[in-house]
Amino acid sequence: MSPEILVACAHGTNNPEGKAAILGIVDQIRAARPGLTVLDAYVDVHGPELPDVVAGLPADARAVVVPLLLSVGYHVRVDIARAAALRPGTLAAGPLGPDERLADVLADRLGEAGLGAEDAVVLAAAGSSNPQAAHDVERLADMLRRRIPNRVLPGYGASAVPTVPEAVAEFRAEEGRTLTDRGLGETDGADDAVRVVVASYLLAPGYFHDQLALAGADAVTAPLLPAPVIAQIALDRYDEAIAAAETSAPDAPAAPRA
């Protein structure tokens with residue numbers, strides 16, 4: 168029987184807690200699907216680098232590279248797609264998000280941060296110049312709005328607007344306009360000041376998450392990991408990639424499953 172391999176591909180980080188979080192989800196994927204070989208690989212910062220991992224796969228293996236990334240962007244469309252294309256029998260799956268289960272985790276993290284019904288929420292994503300990435304984040308924002316009563320505005324760490332500090336500032340400016348309209352000065356309206364909470368739409372601790380503390384919000388949630396459901400999402404992306412490949416080649420014999 169040909170081996171089945173899932174290559175869990177993350178961005179990479181120098182943050183020790185971030186590295187541990189990613190390795191933790193890799194272990195959870197292994198535990199959830201015994202018999203499936205699960206390898207970790209990275210597109211930046213450190214190794215093992217994705218092209219090297221793919222090149223080292225057994226010749227008879229069917230492999231799926233699953234992005235441990237939350238939206239479409241350069242790493243998914245270029246780095247991962249290119250690495251998969253270099254080796255026959257290697258598929259590239261879609262990113263983890265948007266997904267209703269990620270919105271559930273975000274809602275839990277906001278609850279842990281003490282979110283109040285009147286607070287404003289900035290959904291903080293890493294950001295990408297790819298328009299589809301922003302569309303993915305907007306879809307996730309809509310999912311989150313169905314779970315909480317709060318105003319939700321996406322903000323980005325890089326390559327898209329508004330940035331997270333700009334989104335926080337927009338809520339602050341909105342607050343100032345509201346107080347002015349009500350005829351309240353800054354001191355008189357202090358009790359009515361809006362509380363802004365940044366919802367970290369990032370998998371793990373690292374540079375981008377550290378920057379959220381500098382955005383001027385009143386609170387920042389923890390990253391998504393650890394959350395066991397994310398391992399299941401990764402396995403769903405693995406299964407979806409195989410099903411799509413088999414559907415696109417209906418006359419080809421199905422590869423054996425582990």
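Numbering (the numbering used here), first residue to last: 168 to 425. C-beta: ideal position from N, C-alpha, C; glycine also.
- Residue 229 has 171 as its beta-bridge partners, per DSSP.
- In this structure, 290 is the residue among 290, 409 and 334 with its C-alpha nearest to the C-alpha of residue 369.
- Separation of the CB atoms of residue 256 and residue 229 is rounded to 5 Å, and the pair is thereby assigned contact status at 8 Å.
- Note that the C-beta distance between residue 243 and residue 174 is not below 9 Å.
- Note on residue 171: 16 or more other CB atoms within 10 angstroms of its CB, so buried under the neighbour-count rule.
- Annotation for residue 322: the continuous beta strand (DSSP E) segment containing it runs 318 to 323.
- At a cut-off of 3 residues, not a single continuous stretch assigned as beta strand (DSSP E) sits fully inside the stretch 384 to 418.
- In this structure, 367 is the residue among 367, 411 and 381 with its C-alpha nearest to the C-alpha of residue 278.
- Around the beta-carbon of residue 283, fewer than 16 other beta-carbon atoms lie within 10 Å, marking it exposed.
- Nearest to residue 360 by alpha-carbon distance, out of 208, 399, 287 and 393, is 287.
- Beta-bridge pairing by DSSP links residue 234 to 176.
- At the C-beta level, residue 202 and residue 238 stay beyond 9 Å of one another.
- For residue 193, the enclosing alpha helix (DSSP H) stretches over residues 183 to 199.
- Sequence-distant Cβ neighbours of residue 306 in its own chain, meaning closer than 6 Å and more than five residues away, are 265.
- Residue nearest to residue 220 within the set 196, 254 and 236 is 254 (criterion: CA-CA distance).
- In the DSSP assignment, residue 289 falls within the unbroken beta strand (DSSP E) covering 287 to 292.
- Collapsing the DSSP output to three states places residue 221 in a helix.
- Distances from the CA of residue 378 to each of 240, 325 and 212 were compared; the closest alpha carbon is that of 325.
- With contacts defined as CB atoms closer than 9 Å, residue 372 and residue 192 fail to qualify as a contacting pair.
- Remark: C-beta atoms of residue 271 and residue 387 do not approach each other more closely than 9 Å.
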